[in-house]
Amino acid sequence: MISIYECLRDNTGIYLIRDEPWKSGRKHFFSRSDEPRIFVKNFNHAEFIGETLCNMKNIKCAHYFVAGVGLKKENRIVNYSDIKGKGYDIKIASSDFKDSEHTYFSVNCRTNLEPFNGLELVLGLCPSEDNKNELTEEIIKMFALDVFMGQQDRYFNNMIFSSDVMGNIHLANLYDFEISLKSTYIDSDFIYKNDLHTFKDIDSFKDFMHKYPRLREELESYLDIDLVDTAIFSYDLRNLNFPEHIAKYLKDFENDRKILIKQIIKNE
């Protein structure tokens, strides 16, 4: 368990906002008519690490930052030393990435609460072969990232697509990495569940890679990733202290995921 307070430095930048309840009761948001909505949630460093991995792999992702939630609409950045002990609740936040030039939607690929293969369904929405190839690449990158991180929460509401004025379909920014990077989250019945495609076992990956060999290359690229270095970088980027006591856990998690990936991409 990591507390955000053990990671804060006096000169950590804190974005000050007022807490307002969102409809779900879990998250909160702050917004003004002239600014994008800001979503606030409890600290989880998987959000930072997920964003860093996305940036490394050229995957669109929500941007997460440290926020101080108080009683006033301040909408400004201060050093932590300026607000320490003044009653602010330190959390993390992200701005709404949606813009007015795109239409955003999710695809519910479930029937009777059971997932089915919705990949062909969403690819079938593409107006051209070029767009279909682009979207396939984006989805494959998401699959590989999620497998490496042990993502357990990529259901349809955590996977948004965008459509432009020409009707081109793309995977929008990824978000919500909190149910990942933890071995106790792993579902023993599935290697990876996604509402577009479910991978129950190694054979499921073999079958998929027979049709989409690009997934093998993308998974293999994660064998070169150092998860501890990535985590440290994500903390440094936000001027936070990296909790050294989690380094061994992250390294063990990384090793387990790489063993799995090697099994998946092994040629038979």
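Positions -14 to 253 (this note's numbering) are the ones given, in order, by the sequence shown. All C-beta atoms, glycine included, are put in the ideal place defined by N, C-alpha and C.
- Y65 sits away from G135, with the two beta carbons spaced by 9 Å or more.
- Assignment of K26 by DSSP, reduced to helix, strand and coil, places it in the strand class.
- In this structure, DSSP gives K251 a state outside helix and strand, which the three-state scheme calls coil.
- Around the beta carbon of V150, fewer than 16 other beta carbons sit within 10 angstroms, so the residue counts as exposed.
- For G55, the pairing in a beta bridge is given by DSSP as R3.
- Scanning the stretch 88 to 162 from its first residue to its last, the whole alpha helix (DSSP H) runs of 4-plus residues come out as 104 to 108 and 114 to 134.
- Under the three-state reduction of DSSP output, N64 falls in the strand class.
- By the C-beta density criterion, E163 is buried, having at least 16 other C-beta atoms within 10 angstroms.
- Approximately 14 Å separates the beta-carbon atoms of L212 and C39; this is outside 8 Å, ruling out the contact.
- Cβ contact annotation for E59 (same chain, cutoff 8 Å, sequence separation greater than five): L1, I2 and R3, in chain order.
- Taking the C-beta atoms as reference points, F190 is found no nearer than 9 Å to I210.
- Here the stretch 164 to 184 makes contact with the stretch 127 to 143; the two share three or more CB pairs at distances below 8 Å.
- Comparing alpha carbon positions, the residue from R223, L(-7) and S147 closest to S85 is S147.
- Taking the Cα of F50 as reference, the smallest distance to any Cα among R201, V63, I124 and M(-14) is reached at V63.
- The alpha carbon of I217 has as its nearest neighbour, out of L200, S206, E205 and L235, the alpha carbon of L235.
- Every alpha helix (DSSP H) of 4 residues or more that sits fully in the stretch 197 to 233 is shown, in chain order, as 199 to 206 and 212 to 222.
- Around the beta-carbon of I125, 16 or more other beta-carbon atoms lie within 10 Å, marking it buried.
- Between Y(-10) and I77 the beta-carbon gap is near 13 Å, outside 8 Å, which marks them as no contact.
- Between the alpha carbons of P198 and E122 lies a gap of roughly 11 Å.
- Of the candidates S206, V92, K45 and K57, the residue whose Cα lies closest to the Cα of F82 is K45.
- Burial of S165 is indicated by the presence of at least 16 other C-beta atoms within 10 angstroms of its C-beta.
- Within its own chain, the residues whose Cβ lies closer than 7 Å to the Cβ of P228, once the five positions on either side in sequence are excluded, are I(-13), E(-9) and C(-8), listed in chain order.
- One alpha carbon belongs to E32, the other to K185, and they sit about 25 Å apart.
- The Cβ atoms of L108 and L120 lie closer than 9 Å to each other.
- DSSP lists Y177 as the bridge partner or partners of F184.
- In the structure shown, S189 falls within a helical segment according to DSSP collapsed to helix, strand and coil.
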